[in-house]
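Chains as they are written, first to last, in the UniProt record's numbering: chain A, 1 to 174; chain B, 1 to 174. All C-beta atoms in this analysis are idealised placements derived from N, C-alpha and C, irrespective of residue type, glycine included. Predicted, not measured: the structure shown is a model, and the values here were computed from it. In what follows, a structure is listed as structure tokens, so that the remarks can point back to it.
There are 2 protein chains.
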Amino acid sequence: MVRGMSLRHALLGLLSERPASGYDLLKRFETSLANVWPATQSQMYGELTKLAAAGLISVSAEGPRGRKEYTLTDEGLAELRHWLTETAPQRNPRSDTLLRVFFLGVLPREQAGAYLTGLMETSAKEYEDLRALERSVDWGDDRLSVYGRIALEYGLRLNEMKREWAAWAAERLG
Amino acid sequence: MVRGMSLRHALLGLLSERPASGYDLLKRFETSLANVWPATQSQMYGELTKLAAAGLISVSAEGPRGRKEYTLTDEGLAELRHWLTETAPQRNPRSDTLLRVFFLGVLPREQAGAYLTGLMETSAKEYEDLRALERSVDWGDDRLSVYGRIALEYGLRLNEMKREWAAWAAERLG
DNA sequence: CAGACCATGTAAGGTGTTACATGATTAT
DNA sequence: ATAATCATGTAACACCTTACATGGTCTG
Chain A
1 MVRGMSLRHA LLGLLSERPA SGYDLLKRFE TSLANVWPAT QSQMYGELTK LAAAGLISVS
61 AEGPRGRKEY TLTDEGLAEL RHWLTETAPQ RNPRSDTLLR VFFLGVLPRE QAGAYLTGLM
121 ETSAKEYEDL RALERSVDWG DDRLSVYGRI ALEYGLRLNE MKREWAAWAA ERLG
Chain B
1 MVRGMSLRHA LLGLLSERPA SGYDLLKRFE TSLANVWPAT QSQMYGELTK LAAAGLISVS
61 AEGPRGRKEY TLTDEGLAEL RHWLTETAPQ RNPRSDTLLR VFFLGVLPRE QAGAYLTGLM
121 ETSAKEYEDL RALERSVDWG DDRLSVYGRI ALEYGLRLNE MKREWAAWAA ERLG
């Protein structure tokens with residue numbers, strides 16, 4: 001467990017709410033965690049096998065079509081808590097969007113401006129998508145509601161910031 | 001060239017300003033691009049070899065200690081322009097910081113609050129670091145100055161947003 | 001001449017993506 | 001029946017990190 005490996009912790013986190021199969025978890029990734037930690041089917045099944053081998057989760061039931069339901073073990077919960085409290089979040093995730101900005105100077109100013117206005121538009125659109133998501137969710141006072149709402153607020157503020165920044169930058173280019 | 005591969009483009013981008021050796025590029029990554037696209041020494045030398053084999057850069061001079069100076073070729077510049085204009089930036093980079101937020105509910109509320117106030121502090125500190133960087137740079141009107149300043153502004157606004165968001169979230173928990 | 005810095009490379013292993021592959025069960 | 005969905009897995013390949021390895025050149 002050297003670095004990163006957050007897929008592991010994402011799986012442990014989802015299983016901390018309730019037991020689930022790989023297929024269930026895949027669906028929940030697609031809906032709730034897609035914006036924060038996308039994962040593919042391939043990767044998930046492999047990771048679940050490793051987590052079970054390491055004793056952090058266990059097969060608690062088997063169903064039709066070879067379905068295996070996994071449950072978080074005490075060791076798994078301990079590892080999840082450890083990750084949350086004792087390990088530092090990554091400082092700066094890589095950003096190819098921002099990397100491009102560094103090199104916009106190789107383009108004619110007009111095309112550089114088009115890149116920035118394109119960013120404005122995608123930010124505005126994503127903001128609206130998140131607003132729609134916010135309206136569609138039935139927010140209760142369960143764990144996922146409380147913290148999911150906080151994560152969603154981050155997305156809203158981020159996209160608002162991005163749109164304003166891109167507008168500022170486009171104007172700055174003249 | 002299937003997906004991502006932005007290290008390639010970062011190298012092409014830096015070489016579009018002036019020729020440089022692997023060692024030079026490593027230093028420039030450490031200073032200017034560290035916050036946006038960190039890269040290790042190992043990875044860079046390997047990537048430079050591949051780029052040269054693909055004809056996107058070429059060895060333009062050799063110096064002491066086996067130093068090889070690379071220069072961007074016409075093909076390399078075309079590829080850089082193509083990446084800037086024809087390929088879409090990644091929509092959502094993974095965020096382990098935000099992933100943790102989803103699962104803060106497994107901690108006692110006090111510890112969840114501590115995580116959020118910790119984020120406030122790191123954002124505030126990074127904001128100050130960037131302000132210091134801003135003051136230390138001699139901003140001219142060359143390409144890197146214009147677009148580097150825009151990228152830095154993004155960092156400033158991002159950290160301001162993060163700090164406010166974390167404060168809002170911590171208060172929301174009560 | 002010793003230490004700092006310049007300069008490049010290989011190897012092993014983890015993580016992530018895409019494509020391929022297989023088959024059971026349920027609903028129409 | 002047949003199509004959609006449920007359900008899991010393997011293989012190949014790209015990317016990234018860490019550690020290991022080697023040696024030349026310059027400065028005090």
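For L72 of chain A, the uninterrupted beta strand (DSSP E) segment begins and ends at K68 to L72.
Burial state of G63 of chain B is exposed, judged by a 10 Å Cβ sphere holding fewer than 16 other Cβ atoms. Contact between F102 of chain B and Y70 of chain A does not hold, since their C-beta atoms are separated by about 18 Å, which reaches or exceeds 8 Å. W37 of chain A sits buried, since 16 or more C-beta atoms from the chains shown fall within 10 Å of its C-beta.
Of all C-beta pairs linking the region 15-25 of chain B to the region 162-170 of chain A, fewer than three are shorter than 8 Å, placing the two stretches out of contact. When the Cα atoms are used, R100 of chain A and Q90 of chain B turn out to be separated by approximately 11 Å. Of B:L173, B:D141, B:D96 and B:R149, the smallest CA-CA separation from E110 of chain B is found for B:L173. Per DSSP, E62 of chain B is one residue of the beta strand (DSSP E) stretching across I57 to E62.
Taking all protein chains in view, the Cβ of D142 of chain B is surrounded by fewer than 16 other Cβ atoms within 10 Å, so the residue is classified as exposed. With respect to the C-alpha of E121 of chain B, the residue from B:Y154, B:E160 and B:D96 having the closest C-alpha is B:E160. Contact between the region 114-131 of chain B and the region 73-84 of chain B is absent: fewer than 3 CB-CB pairs across the two stretches fall below 8 Å. The continuous alpha helix (DSSP H) containing L98 of chain B extends over residues D96 to F102.
The beta carbon of F103 of chain A falls within 9 Å of a beta carbon belonging to chain B, placing the residue at that interface. By DSSP's assignment, S21 of chain B forms a beta bridge with B:E69.
Residue-level contact by beta carbon holds for T122 of chain A and chain B, with a gap shorter than 9 Å. Using a CB distance below 9 Å, the part of the UniProt domain "Transcription regulator PadR N-terminal" (11-81) of chain B facing chain A consists of L12, G13, L14, S16, E17, S32, L33, A34, N35, V36, W37, P38, L77, L80 and R81, ordered along the chain. Where A170 of chain A is concerned, the enclosing alpha helix (DSSP H) starts and stops at R143 to L173. Here Q111 of chain B carries a helix assignment [DSSP, helix/strand/coil].
DSSP places A88 of chain B in the coil class of the three-state scheme, outside both helix and strand. A straight line joining the alpha-carbon of Y154 of chain B with that of A34 of chain B spans about 15 Å. In chain order, Q41 and M44 place their CB closer than 7 Å to the CB of L26 of chain A, counting only its own chain and leaving out the 5 sequence neighbours on each side.
Within chain B, no C-beta atom comes nearer than 8 Å to that of G140 of chain A; the closest sits roughly 12 Å away. Here the C-alpha atom of G66 of chain A lies approximately 25 Å from the C-alpha atom of D74 of chain A. The Cβ atoms of L80 of chain A and L51 of chain A do not sit closer than 9 Å to each other. Burial of D96 of chain B is indicated by the presence of at least 16 other C-beta atoms within 10 angstroms of its C-beta.
When 8 Å is used as the limit between beta carbons, V137 of chain B is near no residue of chain A, the shortest such separation being about 14 Å. With respect to the 9 Å criterion, L158 of chain A and L158 of chain B are classified as neighbours on the basis of their beta carbons. By the CB criterion at 9 Å, P108 of chain B and P93 of chain A fall outside the cutoff. The beta carbon of R131 of chain B sits no closer than 9 Å to any beta carbon of chain A. Residue state for G140 of chain B is assigned as coil, using DSSP reduced to three classes. Taking the C-beta atoms as reference points, G105 of chain A is found nearer than 9 Å to L144 of chain B.
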